[in-house]
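For reference, the structure is listed below as structure tokens.
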Amino acid sequence: MHFSPTQLHIPDGFLNLIVSLICWAITVTILSMAISRTNKSLGERQVPLMGVMAAFIFAAQMINFPVAGGTSGHLLGGALAAIVLGPWAAMLVMTAVIAVQALLFQDGGLLVMGANILNMGLLTAAIGYGLYRGAFGRSRTVKLAVAGVAAWLSVMGGALATALQLWLSGTSNLQTVVIAMSGVHAVIGLGEALITVAALTFIFQTRPDLLDEKSASVQGGRGWIFAGVVISLVVFYFHHSPRPTRTGWSVLQQTLASSTPDKPRPSNSSLITRFPSWEEPRFPPFLLEALECWSCWDLLTWQDVPCRRSHKNRNHRS
Amino acid sequence: MHADAFDRYHHGHSPLHSLDPRVKVIVTIAFILSNALLPDGAWIAFLLAWLFIIFATGVSGLGAGFTFKRSFIAFPFALAAITVLFSIPGNPVTSFHFLMWDLTITDAGLLRFVSIVIRSWLSVQMAILLVAVTEFPKVIHALTHLRVPAIITVIISFLYRYLFVLTDEVMRMLRARQSRSAAAEGVRSGGSVAWRAQTAGHMAGQLFLRSYERSDRIYNAMLSRGYKGELMTIHPHHFHRSDLVTGGLSILALVLMQIAGRS
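Chains P and Y supply the protein sequences, listed in that same order. All residue numbers for the first sequence refer to the working numbering, where the first residue is 545 and numbers rise by one. All residue numbers for the second sequence refer to the working numbering, where the first residue is 31 and numbers rise by one.
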């Protein structure tokens, strides 16, 4: 069966304890807000709905389409869930999906589940809903276009957050992981955007009442626009001008990744001299390729077997 | 598809199967926490942790190699950590020429990389063992007792219950898509990538509507069977003294691992 929807699921052991606990703290704070909001606004009728929606996201992650070279595009679902269910409910739904993937299928770790929920559930829902909320009152075409951009950005946001957490834990080299993650996910995000837009088009055509702006399920104030835009700008900041106050970031990284030995940098024998600072993204392309292979491996395990076989069978038969 | 297609539970009558689920969940999390706390290169502690897993798997009656078989699931992620081999300063171990780069693996980098991979490998095995000896509804029930908010555990219960139903739905859709897709010899088929994505998106939309309408029916059915907003269990947990002893001994073993890892 298909159990590895994205390569964003961090396994246990790849984040250090402090980073894991910080992520848990952020996740728990946001989730407790989500729980108190949904408890207020949702009746008991909505609980089975959210449960089945969680199963829907899980199952929808299996729908794929062949792209090229044996890879396939598929859905992460955070942005779609936020648009159709509202941001708070979507966060709870995505949390349940990620928890089951970790608990039942060991897709993502338990101690790092806070980080995984943050990257794939909370950030994707906030970006997806925040931008879409900004298009309220506009025409359907504008809404769909904004939803597409939001879906793409939500994947990028999740990928960059993952990259930063890996770096803060001292697991990865900064430029390599940021550039590889954002490079790979810029492409994966396109699949996400296309599927999200097509799914929304379909729902607009068949059940427009579910996407009604006044509908109870799609609740969320204007504050979401602010949150979505701010997070998107942060994503853009990291993606396009990776020039944060270097000393501040380095100190943070040194503090968090305390187990990383803090020795003086050696002579030009080490590759670190090839990465002088992160203003110059000169990373060896083979590492990018390796990371791409890694993501393709995941996509391949996801590749719907009957679907691929059918291509070959068709050729044989005809 | 059968209801247990996604189940990871292996039925048995071992002491580990009958252990209180709360103890199992706590020990699993403590074990993973302990791995995260161990410093790089704590080989003796890593070995002890592995022996702990082998012992637990042996007790479970699933065969000592049970967790080993599935334990490599997280290995592809190790690629994310491969840069530390070269980027952490230290004494060079080996240098090689790769394409156009002179790469040097340092001892500190190697130590860190191997430690990350071992930590991950050990943690995954414990998680595999947990769901192999505990029925998933019991894991969820244990989480309720461990103060996970009810709404999250209820959503997880529904997710678990309807996972295979909706997976069946997806399988039917994929089969329908296949049977409607034809290709002739020598003719390029399949449409553009955007067209394929659109088809996949329509399927996701269709699945959403079917799930949405199904949840209505489920709610009505539950209401007619006496649903009052919370899920009940007919298997309440009973905490025995043996559970306490097993849990205490496991935590003690983890503390010993920490001592061994730091000395």
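For every residue, glycine included, the Cβ atom is placed at its ideal position computed from N, Cα and C.
The beta carbon of Met657 (chain P) sits closer than 6 Å to those of Ala646, all from its chain and outside the five residues before and after it, given in chain order. Looking at the DSSP output, Asn608 (chain P) bridges to P:His618. Contact with chain P is found for Glu199 (chain Y), since one of that chain's Cβ atoms lies less than 8 Å from the residue's Cβ. Excluding residues up to 5 positions away in sequence, Ser125 lie with their Cβ nearer than 7 Å to the Cβ of Asp132 (chain Y) in the same chain. Scanning Y:Ile185, Y:Val184, Y:Leu160 and Y:Asn250 for the CA closest to the CA of Phe649 (chain P) turns up Y:Leu160. Counting only residues of its own chain and dropping the five nearest sequence neighbours on each side, Leu575 (chain P) has a CB closer than 7 Å to the CB of Met635 and Thr639. Taking all protein chains shown into account, Val693 (chain P) has 16 or more neighbouring C-beta atoms within 10 Å of its C-beta and is therefore buried.
Membership of Leu734 (chain P) in the alpha helix (DSSP H) is indicated by the continuous run Leu718 to Thr750. Between the C-alpha atoms of Ser153 (chain Y) and Ala86 (chain Y) there is a straight-line separation of about 13 Å. In the three-state DSSP reduction, Ile112 (chain Y) falls in the coil class, being neither helix nor strand. For Asp556 (chain P), the nearest CB of chain Y lies under 8 Å from its own CB, placing it at the interface with that chain. By the criterion of at least three beta-carbon pairs nearer than 8 Å, the region 554 to 563 of chain P is in contact with the region 59 to 67 of chain Y. In the three-state scheme derived from DSSP, where H, G and I count as helix and E and B as strand, Leu552 (chain P) is classed as coil. When 8 Å is used as the limit between beta carbons, Phe166 (chain Y) is near these residues of chain P: Leu647 and Leu648, in chain order.
Of all C-beta pairs linking the region 709 to 717 of chain P to the region 107 to 125 of chain Y, three or more are shorter than 8 Å, placing the two stretches in contact.
For Val596 (chain P), a Cβ of chain Y is located within less than 8 Å of the residue's own Cβ. If you keep only unbroken alpha helix (DSSP H) runs of at least 4 residues inside the region 179 to 215 of chain Y, you get 180 to 209.
Contact of Leu710 (chain P) with chain Y by beta-carbon distance below 7 Å involves Ala110. At a cut-off of 8 Å between C-beta atoms, Val169 (chain Y) counts as an interface residue with respect to chain P.
In this structure, Leu552 (chain P) places its C-beta atom within 8 Å of the C-beta atom of Ala703 (chain P). In this structure, Ala599 (chain P) sits near Phe188 (chain Y), with a CB-CB distance shorter than 8 Å. Beta-carbon to beta-carbon, Ala670 (chain P) and Gly772 (chain P) are separated by about 6 Å, close enough to satisfy the 8 Å threshold. In chain order, Ile170, Leu173 and Thr174 place their CB closer than 6 Å to the CB of Thr183 (chain Y), counting only its own chain and leaving out the 5 sequence neighbours on each side. With a threshold of 8 Å between beta carbons, Met262 (chain Y) makes no contact with chain P. Using a CB distance cut-off of 8 Å, Leu593 (chain P) counts as an interface residue toward chain Y.
Sorting P:Gly735, P:Ala743 and P:Val563 by C-alpha distance to the C-alpha of Ile627 (chain P) places P:Ala743 at the top. Judged by beta-carbon spacing, Ile62 (chain Y) lies within the 8 Å limit of Leu655 (chain P), meaning their Cβ atoms are closer than that value. Counting the other Cβ atoms within 10 Å of the Cβ of Ile607 (chain P) gives 16 or more, which makes it buried. DSSP places Asp132 (chain Y) within a strand segment (E or B) once states are collapsed to three.
Selection Y:Val144, Y:Pro51 and Y:Ser293 evaluated against Phe269 (chain Y) yields Y:Pro51 as nearest (Cα-Cα).
By the neighbour-count definition (other C-beta atoms within 10 Å, threshold 16), Val741 (chain P) is a buried residue. The beta-carbon distance between Phe602 (chain P) and Val641 (chain P), rounded to whole angstroms, is 5 Å. This is short enough to meet the 8 Å contact definition. Under the 10 Å beta carbon count, Arg149 (chain Y) is surrounded by 16 or more other beta carbons and is classified as buried. Per DSSP, reduced to three states, the secondary structure at Pro69 (chain Y) is coil, with no helix or strand assignment. Between the alpha carbons of Met597 (chain P) and Met233 (chain Y) lies a distance of about 15 Å. In the three-state DSSP reduction, Pro266 (chain Y) falls in the coil class, being neither helix nor strand.
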